[in-house]
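Asker: Chains L and X are the protein sequences, given in the same order. According to my numbering, the residues represented by the first sequence are 217 to 647, in order. According to my numbering, the residues represented by the second sequence are 617 to 884, in order. This is the structure I have questions about; it appears just below.
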Amino acid sequence: MIHTVFVAGLSHRTAPIDLREQLALEEDKLREVLSDVAERGVCSELMILSTCNRVEVYGVAEVPGEARGAAFRRMSAQRGMDFQALEPLLYTKTGAEAVLHAFRVAASLDSMVLGEPQILGQVKDAFALAQSCRVVGPTLHALMSQAFAVAKRVRTDTEIGRFAVSVSFAAVELARKIFGTLDGKAVLLIGAGEMGELAARHLQDQGTLPVYVANRTWSRAQDLARDLAGTAVRYEDFPSVMAEVDIVITSTAAPEPIISVADVEAVLRARHERPLFFIDIAVPRNVEPAVNDLDNAFCYDVDDLRSVVESNLRERQREAQRGEVLVEREVAKFVDRLKDLEVVPTIVSLREKLEEIRRGEVARALGRLPGADEATKQALEALSQAIVNKVLHAPTVKLRDSSRAGHGRRWVEVISEVFGLGTKGRIGPPS
Amino acid sequence: MNAVVFDVALTAYIVAAAAALGSLFGRRDDLARFARLLTAAGWACHTAAIVLRGVELGRAPVLTLAEGVSVVIWVAVLFGLWIEYRYGITTFGAFFLPVILALGLGLPTGLRDLALEPQSQSGWTLVHVALVLVGLAALVLNFGSALMYVLQERQIKAKRPGAFYYGLPALETLDHLTLVTLTVGFPFLTVGLLLGVLQAGRSWASLLAGDPLALFSLLMWLVYAATLSGRAVGRWRGRRAAYFAIAGFCVLLATLGAGAFFHGRHGS
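Listed below in structure tokens is the structure:
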């Protein structure tokens with residue numbers, strides 16, 4: 217009878233990556249698990265979130281531990297894993313703690329990379345899947361709708377997702393801080409390092425940027441140029457190409473700098489001092505660090521980019537603090553709603569039950585009064601309704617008050633017992 | 617009456633400047649929006665104040681130095697709001713509003729009573745004054761954008777995102793802005809000053825010797841002319857252009873100071 221909202225599972229905080237990878241399930245398998253667990257009757261509502269960083273069961277159950285066991289036993293069986301080995305890694309949160317957890321997960325406050333945007337979509341997908349399996353009831357529905365709303369607010373009210381947290385994205389962000397729009401800016405990629413290619417691709421995502429590729433090995437330059445839909449240039453020609461482009465990415469294996477201060481000075485003169493941004497991803501460095509001291513030349517090496525990323529991460533942590541405050545406020549509000557949600561079904565079924573009795577008795581009474589006129593009928597209706605309302609008043613008030621005071625469940629039990637109310641219709645979309 | 621309305625406008629500018637600075641330091645977009653709204657409201661009051669003054673005095677309200685500064689502010693605020701809108705720079709207010717205030721708060725003090733000689737109040741004088749004032753307004757904004765450029769460039773060169781890094785626009789945008797404000801301001805200034813010289817109808821030497829305001833104006837014009845030609849030749853971009861814009865503005869302030877404290881042909 218007493219149903220608790222809970223979340224149980226494991227995440228990057230509790231379980232190693234190989235285990236998480238092994239347990240993560242595809243959609244069709246999840247579908248099976250959802251229906252199987254629901255059929256066992258250990259929980260009234262259920263949803264499973266399965267990503268590479270967390271596998272979690274959200275639900276409403278009388279005994280959360282039982283539901284947790286059933287779900288994870290089923291999932292580990294699916295993967296041929298030993299449930300006994302898995303069990304110590306699982307955490308379970310119930311009530312307000314579960315709500316807090318759901319909100320934090322959706323808002324990306326519990327993510328490995330704070331503020332990463334994918335998790336909200338993953339939670340939404342998990343919820344949609346559970347809905348399509350008809351294992352979502354009013355409580356999970358309310359919980360998840362609110363979690364989505366809170367996540368959106370955290371994203372818009374704080375700057376948690378604003379700053380790049382990877383080296384190549386940090387380079388793109390810097391390019392934007394120098395050039396504003398990247399549309400029409402040209403890129404020269406020297407060398408064939410993977411990170412250089414990645415940075416070039418990220419830049420291309422920002423607009424139409426012509427890309428030139430130079431490499432000591434001509435065929436390698438041609439291959440890469442084809443991949444990036446760019447133009448291959450001879451390695452000897454790259455100094456002259458520098459005058460035409462705006463961003464130079466270097467990632468060659470050269471043991472010494474291939475671009476000197478004097479080179480860049482000459483190039484800047486040739487290009488009328490239009491700014492030039494060097495992204496030096498090579499180690500050892502390909503561009504002399506002193507290039508950064510020239511007017512209108514900017515040079516970032518890998519360490520510089522990493523320190524920008526670190527500063528951005530600190531920025532995200534600062535913003536996450538604001539997010540936490542926001543989430544905590546929302547949890548308090550939602551727990552109040554949840555308490556109401558707890559007693560509302562009982563109030564509704566109590567009212568339905570009394571209404572049914574009333575209607576039956578009125579019909580019987582009218583059967584015994586064949587000559588009753590309209591006024592008598594109306595008086596009978598009014599009388600019976602007044603009695604029902606008066607009887608309902610005290611238990612309704614008691615239920616609402618006790619739910620707000622935190623012991624609504626006890627009264628739900630008592631009143632259901634006293635009035636003989638059933639528990640039918642708990643699963644299904646909310647009205 | 618016009619003084620009261622002017623004070624209302626000035627108060628709106630002061631609060632707007634505080635809000636704009638708050639939004640810059642605290643990185644709060646809501647404050648920036650509030651500042652923009654208040655600036656626009658202040659500008660409306662300011663317009664009313666200028667018109668009222670003209671009606672009350674029965675003459676064009678651009679003849680004293682104080683009136684001139686007021687018009688510079690009026691044009692600069694309008695231009696500044698347009699730039700914020702056109703380039704989407706939410707933090708621009710934090711840079712030009714304080715400068716404007718520094719000028720505006722000078723008004724109630726020594727600048728207020730300075731007036732042109734009555735006989736020089738011809739139509740051409742008005743055109744001369746008006747053109748110079750519009751030019752000066754653009755140069756105030758030129759200074760603001762140069763300041764932003766220097767700050768942002770330092771942060772990017774230092775490779776440590778500082779407090780303003782996230783709030784300031786891209787370097788190219790700021791460089792473009794210093795160029796736009798200069799190319800708008802300079803022709804006004806040039807034609808305006810030239811008209812003044814022609815009207816004075818005297819030789820250059822005697823003109824400059826007898827009038828500190830004219831002397832400083834010429835100096836200011838030279839600095840801005842140098843900046844613009846340096847840009848045109850393609851050598852001065854970015855930081856160097858920004859430093860020149862800042863230097864030009866310092867001479868501009870000195871020019872206003874010369875107008876206020878030395879009595880030459882412009883003063884009475």
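From the three backbone atoms N, C-alpha and C, an ideal C-beta is built for every residue, glycine too.
Is there contact between the stretch 794-806 of chain X and the stretch 393-405 of chain L, where contact requires at least three CB pairs shorter than 8 Å?
Answerer: no
Asker: Report the neighbours of Asp511 of chain L on chain X: residues whose CB is nearer than 7 Å to its CB, in chain order.
Answerer: The residue you call residue 511 of chain L lines up with position 295 of the first sequence. Here the neighbours are Gly854, Arg855, Arg856.
Asker: If we cut at 8 Å on Cβ distances, does Gly642 of chain X have a partner in chain L?
Answerer: Residue 642 of chain X sits at position 26 when you count from the first residue of the second sequence. Closer than 8 Å: no.
Asker: Would you report the Cα separation of Thr433 of chain L and Phe454 of chain L, rounded to the nearest angstrom?
Answerer: Your numbering for residue 433 of chain L matches position 217 in the first sequence. Your numbering for residue 454 of chain L matches position 238 in the first sequence. Distance between the alpha carbons of Thr433 of chain L and Phe454 of chain L: 13 Å.
Asker: Quick check on His357 of chain L - is its C-beta less than 8 Å from some C-beta in chain X?
Answerer: Looking up residue 357 of chain L in the first sequence gives position 141. So no, His357 of chain L is outside the interface.
Asker: Would His219 of chain L be called buried (16 or more neighbouring beta carbons within 10 Å of its own) or exposed?
Answerer: Start at 1 with the first residue of the first sequence, and residue 219 of chain L comes out as number 3. By the neighbour-count criterion, in which a residue is buried when 16 or more other Cβ atoms sit within 10 angstroms of its Cβ, His219 of chain L is buried.
Asker: Indicate whether at least one CB of chain L lies closer than 8 Å to the CB of Glu700 of chain X.
Answerer: Within the second sequence, residue 700 of chain X is the residue found at index 84, counting from 1. Not an interface residue.
Asker: Can you check whether the C-beta of Leu787 of chain X is within less than 8 Å of a C-beta belonging to chain L?
Answerer: Stepping through the second sequence from its first residue, residue 787 of chain X is reached at position 171. Yes, Leu787 of chain X lies at the interface with chain L (some Cβ there is under 8 Å from its Cβ).
Asker: Which ranges does the beta strand (DSSP E) cover as unbroken runs of at least 3 residues, wholly within the stretch 428-480 of chain L, from first to last along the chain?
Answerer: Runs of the beta strand (DSSP E) inside the stretch 428-480 of chain L: 447-450, 463-466.
Asker: Hey, out of L:Arg545, L:Ile573, L:Thr592, whose CA is closest to Arg320 of chain L's CA?
Answerer: Position 104 of the first sequence holds residue 320 of chain L. Out of L:Arg545, L:Ile573, L:Thr592, L:Arg545 has the C-alpha closest to the C-alpha of Arg320 of chain L.
Asker: Do Glu489 of chain L and Gly864 of chain X count as a contact pair if the criterion is CB distance below 8 Å?
Answerer: Residue mapping note: residue 864 of chain X aligns to position 248 of the second sequence, counting from 1. Residue mapping note: residue 489 of chain L aligns to position 273 of the first sequence, counting from 1. Contact flag unset, no.
Asker: So, is Ala469 of chain L buried or exposed, given that buried needs 16 or more other C-beta atoms within 10 angstroms?
Answerer: The sequence position of residue 469 of chain L within the first sequence is 253, counting from 1. Ala469 of chain L should be labelled exposed.
Asker: Would the stretch 774-783 of chain X count as touching the stretch 749-761 of chain X if we require 3 or more Cβ pairs under 8 Å?
Answerer: no
Asker: Taking C-beta pairs closer than 8 Å, name the residues in chain X that Arg392 of chain L reaches, listed in chain order.
Answerer: As a position in the first sequence, residue 392 of chain L is number 176, starting the count at 1. Ala786, listed in chain order.
Asker: Is there contact between the stretch 434-441 of chain L and the stretch 357-373 of chain L, where contact requires at least three CB pairs shorter than 8 Å?
Answerer: no
Asker: Throw me the rounded Cβ distance for the Glu332 of chain L and Ser324 of chain L pair, which I believe falls under 8 Å.
Answerer: As a first step, residue 332 of chain L must be located in the first sequence, where it is residue number 116. As a first step, residue 324 of chain L must be located in the first sequence, where it is residue number 108. The pair is a contact, with the Cβ atoms about 6 Å apart (cut-off 8 Å).
Asker: Nearest chain L C-beta to Ile716 of chain X closer than 8 Å, yes or no?
Answerer: For this step, residue 716 of chain X is matched to residue 100 along the second sequence. No, no contact with chain L.
Asker: From the DSSP output, in three-state form, read off Arg642 of chain L for me.
Answerer: Residue mapping note: residue 642 of chain L aligns to position 426 of the first sequence, counting from 1. With a pLDDT of 42 at Arg642 of chain L, under the threshold of 50, the modelled position of this residue cannot be trusted, and the question is left open.
Asker: I need the DSSP call for Tyr782 of chain X, collapsed to helix, strand or coil.
Answerer: Within the second sequence, numbered from 1, the residue matching residue 782 of chain X stands at position 166. Coil.
Asker: Classify Gly225 of chain L as helix, strand or coil using the three-state DSSP reduction.
Answerer: Counting from 1 along the first sequence, the entry for residue 225 of chain L is found at position 9. Correct three-state label for Gly225 of chain L: strand.
Asker: With 16 as the cutoff for other CB atoms within 10 Å, does Gly587 of chain L come out buried or exposed?
Answerer: Here residue 587 of chain L refers to the residue found at position 371 of the first sequence. That one is exposed.
Asker: With DSSP run on the structure shown, which of helix, strand or coil describes Cys515 of chain L?
Answerer: Translated into positions along the first sequence, residue 515 of chain L becomes position 299. Cys515 of chain L: strand per DSSP, three-state reduction.
Asker: Note down the Cα distance separating Leu542 of chain L from Ala318 of chain L, rounded to an integer number of angstroms.
Answerer: Position 326 of the first sequence holds residue 542 of chain L. Position 102 of the first sequence holds residue 318 of chain L. The alpha-carbon atoms of Leu542 of chain L and Ala318 of chain L are separated by roughly 14 Å.
Asker: Whole-angstrom Cβ separation of Val258 of chain L and Ala240 of chain L, contact assumed at under 8 Å?
Answerer: To locate residue 258 of chain L, count along the first sequence from 1; it is residue 42. To locate residue 240 of chain L, count along the first sequence from 1; it is residue 24. The pair is not a contact, with the Cβ atoms about 22 Å apart (cut-off 8 Å).
Asker: At least one CB of chain L closer than 8 Å to the CB of Ile772 of chain X: is that the case?
Answerer: Looking up residue 772 of chain X in the second sequence gives position 156. Output row for Ile772 of chain X: interface = yes.
Asker: The ligand GTP and Lys569 of chain L: does any heavy atom of the ligand fall closer than 7 Å to the residue's C-beta?
Answerer: For the structure depicted, the ligand GTP is absent and the ligand set is empty, with no information on it obtainable.
Asker: Please state if the CB of Ile463 of chain L and the CB of Lys555 of chain L are separated by a distance shorter than 8 Å.
Answerer: Looking up residue 555 of chain L in the first sequence gives position 339. Looking up residue 463 of chain L in the first sequence gives position 247. Result no, Cβ atoms of Lys555 of chain L and Ile463 of chain L do not sit closer than 8 Å.
Asker: Looking only at its own chain, which residues have a Cβ that is under 7 Å from the Cβ of Thr725 of chain X, when we skip the five neighbours before and after it?
Answerer: The residue you call residue 725 of chain X lines up with position 109 of the second sequence. Low confidence applies here, because Thr725 of chain X scores a pLDDT of 47, under 50, leaving its location unreliable; read the following figure in that light. Excluding residues within five positions, none has a Cβ falling inside 7 Å.
Asker: Counting only the same chain and skipping the five closest in sequence on each side, list residues whose C-beta sits under 7 Å from that of Pro280 of chain L.
Answerer: Here residue 280 of chain L refers to the residue found at position 64 when the first sequence is read from its first residue. Same-chain partners within the cutoff: Thr220, Phe222, Ala224, Thr308, Thr310.
Asker: Out of curiosity, what's the CA-to-CA distance linking Gly642 of chain X and Arg776 of chain X?
Answerer: Along the second sequence, one-based indexing puts residue 642 of chain X at 26. Along the second sequence, one-based indexing puts residue 776 of chain X at 160. Rounded to whole angstroms, Gly642 of chain X to Arg776 of chain X spans 18 Å at the Cα level.
Asker: So does the stretch 341-358 of chain L actually touch the stretch 259-272 of chain L, counting three or more Cβ pairs closer than 8 Å?
Answerer: These segments touch.
Asker: Put Ala277 of chain L into one of helix, strand or coil per three-state DSSP.
Answerer: Position 61 of the first sequence holds residue 277 of chain L. DSSP places Ala277 of chain L in strand when its eight states are reduced to three.
Asker: Using a Cβ-Cβ cut-off of 8 Å, state whether Gly783 of chain X counts as contacting chain L.
Answerer: Within the second sequence, residue 783 of chain X is the residue found at index 167, counting from 1. No, its Cβ sits nowhere closer than 8 Å to a Cβ of chain L.
Asker: For a test of the three-state rule: what should DSSP assign to Glu788 of chain X, helix, strand or coil?
Answerer: Position 172 of the second sequence holds residue 788 of chain X. Residue state, collapsed to three classes: helix.
Asker: Using three-state DSSP, classify Met297 of chain L as helix, strand or coil.
Answerer: Working through the first sequence from its first residue, we reach residue 297 of chain L at position 81. Coil.
Asker: In terms of DSSP beta bridges, what is Arg270 of chain L paired with?
Answerer: One-based indexing of the first sequence puts residue 270 of chain L at position 54. Answer is L:Ser227.
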